[in-house]
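Contents: one structure, followed by commentary.
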Amino acid sequence: MNICVISASMRGNSQSLKVANYLNERLKKLDVNSWVLDLHELKLPPYDDDETEAPAKDEVLKQLSEADGYVFVSPEWDGMMSHGLISMLHYVDTEMAHKPVMLVGVSSGIGGAYPIEQMKQMGPKNKHYVISPESLRLMKVKEMLNDQDFSETATDLYVKQRADYALKVLVEYAKALQNVRASGVFNPDEFGSGV
Ligand SMILES: Cc1cc2nc3c(=O)[nH]c(=O)nc-3n(C[C@H](O)[C@H](O)[C@H](O)COP(=O)(O)O)c2cc1C
10 MNICVISASM
20 RGNSQSLKVA
30 NYLNERLKKL
40 DVNSWVLDLH
50 ELKLPPYDDD
60 ETEAPAKDEV
70 LKQLSEADGY
80 VFVSPEWDGM
90 MSHGLISMLH
100 YVDTEMAHKP
110 VMLVGVSSGI
120 GGAYPIEQMK
130 QMGPKNKHYV
140 ISPESLRLMK
150 VKEMLNDQDF
160 SETATDLYVK
170 QRADYALKVL
180 VEYAKALQNV
190 RASGVFNPDE
200 FGSGV
């Protein structure tokens with residue numbers, strides 16, 4: 010079972026990357042082969058239909074192909090989901106089709122809901138991936154997920170438990186959707202655009 014955790018902040022030393030690294034560690038505790046794809050580090054150019062060379066493109070598509078599921082960790086910037094994530098999705102063909110995605114919205118304040126709702130809209134139709142119903146909204150993120158303390162005194166204990174729960178659900182969706190892909194029913198040549 011392979012899960013790719015995408016850190017979708019476009020700035021260095023981001024809270025989204027901190028969260029992605031935390032979730033990656035928790036996935037490893039579930040015996041999942043997981044890794045972090047950091048969109049800031051990747052430097053994938055904004056998609057322009059191949060006018061600009063994008064050396065990172067092959068690597069990102071390889072990693073997306075190898076994964077059985079994904080976590081999208083998007084910051085809320087100006088009330089919006091990550092523009093880098095939207096751009097990355099333009100590069101995708103069928104690599105993510107019929108695989109599950111867990112959504113995480115990140116805010117240093119009391120936001121985080123907008124990126125979750127926007128990520129539900131942007132991508133699944135034509136990229137054919139499946140959104141897990143168990144998302145994670147991280148408000149006041151600087152106070153969250155800074156350690157692996159699961160004691161009763163940990164102030165973010167509920168968030169940590171909720172994160173573990175959402176990851177476990179994601180892994181079960183990833184197992185179940187392998188059957189959908191193996192069935193051969195997916196027909197992107199005829200029905201490439203969803204409705
Ligand atoms: C350009 C910019 C716009 C932002 N706009 C919002 C916003 O609309 N709502 C919000 O809750 N936080 C906003 N923030 C703060 C982020 O929530 C904060 O930076 C948080 O750490 C997540 O972003 P990061 O993963 O890049 O660190 C903004 C940050 C930046 C850099």
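Quick note on our numbering: the sequence shown kicks off at 10 and runs consecutively.
In this text, a Cβ means the ideal position worked out from N, Cα and C, and glycines have one as well.
- Cβ neighbours of Pro-142 within its own chain (closer than 7 Å, five residues either side excluded): none.
- Within 7 Å of the C-beta of Val-80 there is not a single heavy atom belonging to ligand 1.
- Counting along the chain, the unbroken alpha helix (DSSP H) around Arg-35 starts and ends at 24 to 38.
- Secondary structure at Leu-73: helix, using DSSP grouped into helix, strand and coil.
- Counting the other CB atoms within 10 Å of its CB gives Ser-192 a total below 16, which places it among the exposed residues.
- In terms of CA proximity to Leu-112, Ala-17 leads the group Ala-17, Gly-21 and Trp-86.
- Here the alpha carbons of Val-189 and Asp-47 stand approximately 28 Å from one another.
- Bridge partners of Ile-125 according to DSSP: none are assigned.
- Using a 10 angstroms sphere on the CB of Val-14, the tally of other CB atoms reaches 16 or more, which defines it as buried.
- For Met-111, the enclosing beta strand (DSSP E) has its first and last residue at 109 to 115.
- Here Met-90 is near Gln-127, since their CB atoms are less than 8 Å apart.
- Here the C-alpha atom of Leu-166 lies approximately 14 Å from the C-alpha atom of Arg-35.
- Here Ser-83 is bridged, per DSSP, to Gly-114.
- Annotation: Ala-163 to Tyr-100 spans about 41 Å, alpha carbon to alpha carbon.
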